[in-house]
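Novice:
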Amino acid sequence: MSNTLIGFGIRGAQILFAIIILGLSSTLIKGHDHVKGLDIDIDKYVSNLPITLGFAAFVGAATLVGALVGVAAHFFDRINERIMQGIDGFVLGVNLAGGLLIALKLKNANCAKSDLAYRQNKLAKIDILRGGCDGDGECLYDTSLPWSGKLNERCKMSQADSAFMFLTVIILAAWLIITWVHLRRK
1219 MSNTLIGFGI RGAQILFAII ILGLSSTLIK GHDHVKGLDI DIDKYVSNLP
1269 ITLGFAAFVG AATLVGALVG VAAHFFDRIN ERIMQGIDGF VLGVNLAGGL
1319 LIALKLKNAN CAKSDLAYRQ NKLAKIDILR GGCDGDGECL YDTSLPWSGK
1369 LNERCKMSQA DSAFMFLTVI ILAAWLIITW VHLRRK
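Here you go:
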């Protein structure tokens, strides 16, 4: 019984983290080529979406699906514990990869530092933060534009996205250890 309660707690946290990851990733994707309320020619700034942002959204969706299958496994005996371990291992792996990918992209960026020189020399060079760029290298959230504060905002969202991926790794690793010990005792 306690294993079931722990399982529901783990799955609840996993669902919450998945929704947060998916929401943050979707917001970063939406903001890549779009600024609401500004009178600019948005078509000028359309560029390819960084693969990191698409992968982050995939991570959120895969985590959510894995959590829902995990909840269903508590009610249906047909979903084998070993199959669930494989699903959880996959979800753990994609969260670890996504968290590391975003962390590496951010290159130890200080998201709170908002002086123009730092934005220009550090934040504006990170493709997942700067938004779409035109053919001349001018980017949507470029430091010369009045909305360059978006660089800091997007940096904080990216850090949070990565952090929730790592938190998902921790809870899934704990759950995999618990289920492994449980299966060994059987």
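Each number in this note's numbering corresponds to the 1-based position in the sequence shown with 1218 added. No residue lacks a Cβ here, since even glycine has one placed at the ideal position from N, Cα and C.
Does the beta-carbon distance from residue 1233 to residue 1270 come in below 8 Å?
Specialist: no
Novice: Where do the N-terminal and C-terminal ends of the alpha helix (DSSP H) with residue 1250 fall, by residue?
Specialist: Premise fails: residue 1250 is in no alpha helix (DSSP H) and is neither H nor E.
Novice: Buried or exposed: residue 1401, going by 16 or more other Cβ atoms within 10 Å of its Cβ?
Specialist: exposed
Novice: Excluding the five sequence neighbours on either side, which residues of its own chain have a C-beta within less than 6 Å of the C-beta of residue 1370, listed in chain order?
Specialist: Once the five neighbours on either side are set aside, the close Cβ partners of residue 1370 are 1329, 1332.
Novice: From this set, 1293, 1284, 1322, which residue's C-alpha is nearest residue 1311's C-alpha?
Specialist: 1284
Novice: What three-state label does DSSP hand residue 1288 in the structure shown?
Specialist: If DSSP states are grouped into helix, strand and coil, residue 1288 belongs with the helices.
Novice: Do you know offhand how far residue 1394's Cα is from residue 1322's?
Specialist: 26 Å
Novice: With H, G and I counted as helix, E and B as strand and the rest as coil, what does DSSP make of residue 1357?
Specialist: strand
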